[in-house]
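Right, one structure below, let's go through it.
Number of protein chains: 2
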Amino acid sequence: MIGKLIVFGVGLIGGSCALALKARDAVREVIGVGRTRANLDDALRSNIIDRAYALDEDWMQELRDADIVLLAVPVAQMENVLKRILPVVSKHAAITDAGSTKQDVVAAARSAYASCPEANMAQFVPAHPIAGTEHSGAAAAFATLYENRHVIVTPLDETDADAAQKVAMMWQTCGAKTLIMLPEQHDQTFAAVSHLPHMLAFALVAELAGRPEAETFFMHAGSGFRDFTRIAGSSPEMWRDIALANRDALLEELSRYQAHLDHMYAELERGDGAALEARMKRASEARRHWEKVFRERKR
Amino acid sequence: MIGKLIVFGVGLIGGSCALALKARDAVREVIGVGRTRANLDDALRSNIIDRAYALDEDWMQELRDADIVLLAVPVAQMENVLKRILPVVSKHAAITDAGSTKQDVVAAARSAYASCPEANMAQFVPAHPIAGTEHSGAAAAFATLYENRHVIVTPLDETDADAAQKVAMMWQTCGAKTLIMLPEQHDQTFAAVSHLPHMLAFALVAELAGRPEAETFFMHAGSGFRDFTRIAGSSPEMWRDIALANRDALLEELSRYQAHLDHMYAELERGDGAALEARMKRASEARRHWEKVFRERKR
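Quick note, the sequences are listed as chains A and B, same order. Those letters in the first sequence? Residues 3 to 301, by this note's numbering. Those letters in the second sequence? Residues 3 to 301, by this note's numbering.
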């Protein structure tokens with residue numbers, strides 16, 4: 003049982019974690035700290051949190067007996083929030099995050115801990131729950147978001163085993179499976195399977211929306227387009243931060259993808275049906291195999 | 003009530019049309035003609051069709067009293083099938099297709115009709131039902147596939163109004179809304195909203211599947227990846243044909259997309275968060291607006 007959980011950023015990610023723990027009676031109280039009052043009021047009304055503070059209100063005293071502090075704010079804000087937390091947070095609290103990139107969060111944490119010598123980095127447990135929808139805000143949160151999902155934990159050399167265990171238990175209680183990775187390996191992998199697809203989907207919709215024929219295009223777009231572009235409805239602010247935070251790995255993936263697309267373009271231009279079909283077949287077989295494994299994992 | 007419907011290619015598209023008509027008692031009998039016996043047997047077993055013929059069997063006599071002939075074969079096979087049909091098909095039948103591209107089907111039809119002077123092109127009604135899943139074959143067919151979907155009809159100058167009406171009625175009976183477009187406009191629009199996304203999804207999965215880290219990538223891919231790549235599970239043969247059939251329009255769309263991606267790459271490389279966010283915001287707003295309109299259309 004977690005005593006007090008403090009969630010910074012009570013949106014889809016932080017809010018769903020709180021809801022999942024409450025649904026299982028696995029937390030005594032949840033405190034929410036956020037930027038906008040309207041969102042905090044949504045969170046209070048939905049019983050996601052028990053008390054709410056705007057960032058500029060006096061939430062400091064809540065930190066003194068916190069068990070877990072979950073930073074579910076955009077990646078670019080982690081360092082600032084950490085700097086404000088560290089001087090007052092309980093030495094027994096585990097501090098964790100839900101950022102989509104890990105090397106930059108680790109760097110932000112190192113910088114924040116360096117600025118507060120009395121705090122101990124052993125309590126910091128970088129993590130990334132692999133779940134989400136294209137919606138954001140407390141109103142989008144739901145208790146089953148993490149069921150059968152993965153949460154990647156990327157512990158540091160300094161990380162205390164008990165703190166890591168506390169964070170892993172929290173996510174497991176939410177229904178997720180926790181996996182350990184190195185921060186670099188995490189960032190490279192998610193550049194390929196998540197950040198790149200988001201960029202590609204944003205690019206397609208932005209390109210079509212800017213055309214004079216945009217209205218005709220959208221009128222005729224069907225369910226293939228719907229699924230392909232679902233992630234293009236995601237938060238621009240959040241994805242700007244993720245793209246910048248994971249810039250090197252993402253540029254590398256973009257380059258590879260563009261090279262691949264150049265090959266397909268050339269095959270199509272010269273009417274090379276066999277080459278095109280071979281490429282499509284590789285994709286189709288891999289995708290069908292993946293779908294089967296993915297479904298089994300979800301059971 | 004349609005008397006006799008003959009479906010060439012009893013897969014997801016042709017099979018679902020037959021099932022939808024049968025579910026509404028809107029057809030007396032459905033004859034299926036196809037390439038593989040196993041798929042025809044599936045179709046017989048599921049009561050999609052009442053009689054089945056392999057392409058090399060003697061299905062000619064069935065054509066003499068056909069009301070509608072639906073060509074649901076890959077685009078590249080239309081001309082050959084039409085050439086075999088035209089000498090024997092009833093003068094009163096409407097002949098239509100379900101091809102994903104229209105200019106090439108029109109060209110194939112013109113060529114087939116030119117080779118059979120006694121046939122009358124007035125009976126030919128090019129069409130494209132905008133529906134599908136990533137699955138193919140008779141076993142994937144279901145009666146509600148066309149409900150609230152669009153079917154684009156691209157009548158020719160020669161097309162007889164009664165034949166066009168018969169085909170439109172058939173699709174409306176399946177639950178679809180029929181819309182008229184010019185073949186060129188159709189091909190340009192679907193290059194952008196359907197053929198391009200398919201190429202992009204095939205490219206992503208083929209690229210990742212070919213990497214040494216493929217297993218790690220797929221293990222960590224989540225629901226964003228699942229939706230983005232769903233269409234990469236589609237039939238390589240069918241999409242090879244579509245890409246080749248709509249080559250010019252698709253190359254044009256690919257070029258535009260690549261240029262757009264180059265801009266995003268440059269923005270990311272120079273760390274221009276404002277430009278990236280503006281692009282993502284355009285996409286996100288357009289996508290959210292589209293989703294709302296799309297959902298209302300489906301009601």
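Where a beta carbon is used, it is the ideal one built from N, C-alpha and C, also for glycine. Owing to the predicted nature of the structure, the values given are computational and were not obtained by experimental measurement.
Examine chain B for any beta-carbon lying closer than 7 Å to the beta-carbon of residue i, and answer yes or no.
i         : result
Val195(A) : yes
Phe144(A) : no
Val31(A)  : Sequence inspection shows Glu at residue 31(A); the Val mentioned does not correspond to that position. Closer than 7 Å: no.
Thr103(A) : no
Ala234(A) : yes
Met266(A) : yes
Thr161(A) : no
Gly224(A) : yes
His262(A) : yes
Pro214(A) : no
Gly17(A)  : no
Pro199(A) : yes
Shorter than 7 Å from the beta carbon of residue i to some beta carbon of chain A?
i         : result
Arg284(B) : yes
Trp173(B) : no
Asp250(B) : no
Thr180(B) : no
Leu158(B) : no
Tyr148(B) : no
Gly207(B) : According to the sequence displayed, residue 207(B) carries Val and not Gly. So, interface residue.
Leu278(B) : yes
Arg281(B) : yes
Ile70(B)  : no
Ile132(B) : yes
Trp61(B)  : no
Phe126(B) : no
Gly275(B) : yes
What does DSSP give as the partner residue(s) for residue i in the beta ladder?
i        : result
Ala95(A) : For Ala95(A), which the question treats as bridged, DSSP gives no partner whatsoever.
Lys6(B)  : Glu31(B)
Gly36(A) : Ala56(A)
I'd like the list of long-range same chain contacts for residue i, defined as Cβ closer than 8 Å, with 5 residues on each side in sequence excluded.
i         : result
Tyr259(B) : Leu198 and Leu202
Leu278(A) : Met266, Glu269 and Leu270
Lys85(A)  : Ala114, Ser117 and Cys118
Glu239(A) : Pro76
Spatial neighbours of residue i within its chain, please: CB distance less than 7 Å, with the 5 preceding and 5 following residues excluded, ordered by chain position.
i         : result
Cys176(A) : Cys19, Ala22, Leu23 and Tyr148
Ser92(B)  : Leu65, Arg66, Asp67 and Ala68
Gln174(B) : Thr180
Tell me which residues share the same chain as residue i and place their Cβ nearer than 6 Å to its Cβ, disregarding the 5 neighbours each side in the sequence.
i         : result
Ile15(B)  : Ala74 and Ala100
Trp61(B)  : Val35 and Tyr55
Gly5(B)   : Arg30 and Asp69
Cys118(B) : Leu88 and Pro89
Leu7(A)   : Val29, Val32 and Ile70
Once DSSP output is grouped into helix, strand and coil, what is the label at residue i?
i         : result
Tyr267(A) : helix
Glu59(A)  : coil
Arg53(A)  : strand
Lys104(A) : coil
Val71(B)  : strand
Ile132(B) : coil
Thr180(B) : strand
Gly226(B) : helix
Val12(A)  : coil
Glu31(B)  : strand
His152(A) : strand
Gly275(B) : helix
Gly235(A) : helix
Phe126(A) : strand
Gly17(B)  : helix
Val90(B)  : coil
Glu64(B)  : helix
Thr161(A) : coil
Glu215(A) : coil
Glu287(B) : helix
Is the Cβ-Cβ distance between residue i and residue j less than 7 Å?
i         : j         : result
Ala170(A) : Arg151(A) : no
His188(A) : Trp241(A) : no
Ala194(B) : Met266(A) : no
Ile154(A) : Met183(A) : yes
Gln190(B) : Ala251(B) : yes
Glu81(A)  : Ala114(A) : yes
Thr156(A) : Pro128(A) : yes
Ala211(B) : Ala288(A) : yes
Gly13(A)  : Glu136(A) : no
Asp44(A)  : Ala141(A) : yes
Gly139(B) : Asn41(B)  : yes
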